[in-house]
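Shown next, in structure tokens, is the structure this report addresses.
In UniProt numbering, the protein residues as written are 1 to 107.
In structure tokens form, the structure reads like this:
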């Protein structure tokens, strides 16, 4: 069975206002950006990053805060244990993990 491709809301030009294609109100902008028929019921994920790739405590704090909020979004398995996975990416991860290994070895 072949699936018919869905038209995304952004592919439909706005046909009102003085200029075709330019929204004249916030309601029209909302209609362009959101299409309820495209909603899916599924798990999600969060991505917190500094756009320039610079290290920042604020990024880590924000990521921890987002992770703490995951429980109310259904990230609990039937046995009551959290199913949330957290990962932190480091720009120089080889040096970071080498320092952890040295620290664990008492060097």
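Quick reminder that beta carbons are idealized off the backbone N, C-alpha and C, glycines included.
- Secondary structure at residue 63: helix, using DSSP grouped into helix, strand and coil.
- Taken through DSSP and simplified to helix, strand or coil, residue 37 comes out as helix.
- The C-beta separation of residue 65 from residue 56 comes to about 14 Å, leaving the pair out of contact by the 8 Å criterion.
- Pairing residue 107 with residue 47, the inter-Cα distance amounts to about 34 Å.
- Per DSSP, the unbroken alpha helix (DSSP H) holding residue 100 starts and ends at 93-104.
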